[in-house]
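K.L.:
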Amino acid sequence: MSRIAYVNGQFLPLEDARVSVLDRGFLFADGAYEVTCVIDGGLVDFEAHIARLQRSLKEIGMGMPMDGPALEQLHREIVKRNGLTEGAVYLQVTRGAAERDFAFPKNVSQTVVLFTQARDLVDAPGARSGIKAVSVPDIRWTRRDIKSVALLAQVLAKQTAAAAGAGEAVMHEDGTVTEGASSNLWIVAADGSLVTRQLSSAILAGITRRTTMKLADETGIVLHERPFTLKEAYAAREMFLTAATALVMPIVELDGRPIGNGAPGPVTKRLREIYIETARAAARQAAK
Ligand code: PDD
11 MSRIAYVNGQ FLPLEDARVS VLDRGFLFAD GAYEVTCVID GGLVDFEAHI ARLQRSLKEI
71 GMGMPMDGPA LEQLHREIVK RNGLTEGAVY LQVTRGAAER DFAFPKNVSQ TVVLFTQARD
131 LVDAPGARSG IKAVSVPDIR WTRRDIKSVA LLAQVLAKQT AAAAGAGEAV MHEDGTVTEG
191 ASSNLWIVAA DGSLVTRQLS SAILAGITRR TTMKLADETG IVLHERPFTL KEAYAAREMF
251 LTAATALVMP IVELDGRPIG NGAPGPVTKR LREIYIETAR AAARQAAK
């Protein structure tokens, strides 16, 4: 059975799902996106994803193509049509298809696309052993708080990581870490406290980051929201990333140097465990 995608009001087999060559998402990366994780057939933190989408669209001069409940209905429908139990729903909204001209076109309808990707999240291949990462200069624009589909810098960063046999790229500006190519980054410092960069236009406000912060707080782990350097990361006890497609994922090697003892550490393991428990409970509730 073919995967089912959604394009502008229609559910279609993926191979028949099409957008125009004049779509501004294709020509200018003029759009925003969200990736919502699905566990046990339910959407995790959906409302937060939709709130972030609304904000991203607003920041680039666009409204929502439909309201939150309608978008949730579409997400649930595409999960159901694809029989997805674990993985992600990808949603993209662009300014639409219009004659190629840089300024916003008038009277154009937005393009809305959804598709699903099945993927092991709870038993993710890298979760037990941890993944390797490499550092790369962050060459992106300065509005990284917008979840823009302009991802060429991240494509290049991920390719550098892949070529080095690593699973994530740690992006930095003059040695100060911003975030992962598709994740937020965290370290456990020498004093046992957790460190992750504070929100600003330098990074994306991760939904998984937000939930992990809450869980760390409930667990009594001391958290400092501040920038950290590559040097601090090399010397950290533990390092991990958070993202909807990876949950809480240990990083055990950075630029060929082991982090801590080179194995996933206790704080990371505990946070991953409680993140999964919490997400499972929320997803089951959402699937009802
Ligand atoms: N990316 N920072 C960047 C640059 C990201 O692309 C992502 C997620 C995150 C984490 O955000 P969240 O916890 O809301 O997933 C941080 C998605 C998963 C992607 O592009 O596939």
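Taken in order, the sequence shown gives residues 11 to 298; the numbers are from the working numbering.
We put the beta carbon where it would ideally sit given N, CA and C, even for glycine.
These figures come from a predicted structure and were not determined experimentally.
For ligand 1, which residues have a Cβ under 6 Å from at least one heavy atom, in chain order?
P.N.:
Taking each Cβ in turn, the ones that pass are V45, E189, S192, S193, N194, L214, G216, I217, T218, R219, T252, A253, A254 and T255.
K.L.:
Do the CB positions of L204 and L251 come within less than 7 Å of each other?
P.N.:
Cβ atoms of L204 and L251: not closer than 7 Å.
K.L.:
Run through the stretch 102-147 for me and flag every whole beta strand (DSSP E) of 3 or more residues, listed as ranges in chain order.
P.N.:
DSSP runs (the beta strand (DSSP E)) wholly in the stretch 102-147: 121-128 and 141-147.
K.L.:
Helix, strand or coil for R267, going by three-state DSSP, please let me know.
P.N.:
Reduced to three states, the DSSP call for R267 is strand.
K.L.:
On the DSSP bridge assignment, give the partners of N194 in chain order.
P.N.:
According to DSSP, which records beta bridges pairwise, N194 is partnered with T252.
K.L.:
Please identify the residue among W151, I217, L225 and M223 whose C-alpha is closest to the C-alpha of T46.
P.N.:
Comparing Cα positions, the closest option is I217.
K.L.:
Short of 7 Å in beta carbon distance, which residues of its chain neighbour Q164, apart from the five on each side in sequence? Order them along the chain.
P.N.:
So the list reads A191 and S192, once near-sequence residues are dropped.
K.L.:
Please identify the residue among T278, P75, L81 and T222 whose C-alpha is closest to the C-alpha of G8.
P.N.:
Here the chain comprises residues numbered 11 to 298, so residue 8 is not present and cannot be evaluated.
K.L.:
What residue range does the beta strand (DSSP E) around A42 cover?
P.N.:
G41 to I49 is the span of the beta strand (DSSP E), which, as asked, contains A42.
K.L.:
For K168, is the classification buried or exposed, using 16 other Cβ atoms within 10 angstroms of its Cβ as the cut-off for buried?
P.N.:
Per the 10 Å Cβ criterion, buried.
K.L.:
On the DSSP letters alone, give me the boundaries of the alpha helix (DSSP H) that P79 sits inside.
P.N.:
Per DSSP, P79 belongs to the alpha helix (DSSP H) from G78 to R91.
K.L.:
Hey, P274 and G177: beta-carbon distance below 7 Å or not?
P.N.:
Going by C-beta atoms, P274 is not nearer than 7 Å to G177.
K.L.:
How about E57 and K142: do their beta carbons lie closer than 7 Å?
P.N.:
No; because the gap between Cβ atoms is not below 7 Å, this pair is not in contact.
K.L.:
In whole angstroms, give me the CA-to-CA distance for A297 and L225.
P.N.:
Each residue's alpha carbon lies about 22 Å from the other.
K.L.:
So, with DSSP's three-state summary, where would you put I70?
P.N.:
In this structure, I70 counts as coil in the three-state DSSP scheme.
K.L.:
R65 to S158, Cα distance in whole Å?
P.N.:
Roughly 11 Å between the two C-alpha positions.
K.L.:
By Cβ distance below 7 Å, which residues in the same chain neighbour V198 in space, the five residues on each side in sequence not counted?
P.N.:
Hits under 7 Å: L204, A246, R247, E248, G275 and V277.
K.L.:
Using the three-state DSSP reduction, which class does A176 fall into: helix, strand or coil?
P.N.:
In the structure shown, A176 sits in coil (DSSP, three-state: anything other than H, G, I, E or B).
K.L.:
Name the residue from T126, V31 and A27 whose alpha carbon lies nearest to the alpha carbon of R110.
P.N.:
The shortest C-alpha separation from R110 is found at V31.
K.L.:
So for P276, helix, strand or coil by DSSP?
P.N.:
The answer is helix: DSSP assigns P276 an H, G or I state.
K.L.:
Check for me: the alpha helix (DSSP H) holding I217 runs from which residue to which?
P.N.:
Residues I217 to T229.
K.L.:
My output table needs one value for T152: the three-state DSSP class, helix, strand or coil.
P.N.:
Coil at T152, not helix or strand.
K.L.:
In three-state terms, what does DSSP make of I284?
P.N.:
Helix at I284.
K.L.:
Identify which residue in E189, G51 and G35 has its Cα closest to the Cα of L67.
P.N.:
Nearest of E189, G51 and G35 to L67, Cα basis: G35.
K.L.:
Give every residue of the same chain whose Cβ lies closer than 8 Å to the Cβ of I213, excluding the five residues on either side of it in the sequence, and list them in chain order.
P.N.:
These residues qualify, in order along the chain: R154, D155, T188, E189, N194 and R207.
K.L.:
Per the contact definition of three or more C-beta pairs closer than 8 Å, is the stretch 89-99 in contact with the stretch 126-140?
P.N.:
The answer is yes - the stretch 89-99 touches the stretch 126-140, with three or more Cβ pairs under 8 Å.
K.L.:
Measuring only the C-alpha atoms, how far is D77 from A243?
P.N.:
Between D77 and A243, the C-alpha separation is close to 41 Å.
K.L.:
With D50 and R282 assumed to form a contact (beta carbons below 8 Å), what rounded beta-carbon distance in angstroms separates them?
P.N.:
Their Cβ separation, rounded to whole angstroms, is 17 Å, which puts D50 and R282 out of contact at 8 Å.
K.L.:
Specify the secondary structure class of Q164 as computed by DSSP and reduced to three states.
P.N.:
In the structure shown, Q164 sits in a helix (DSSP, three-state: H, G or I).
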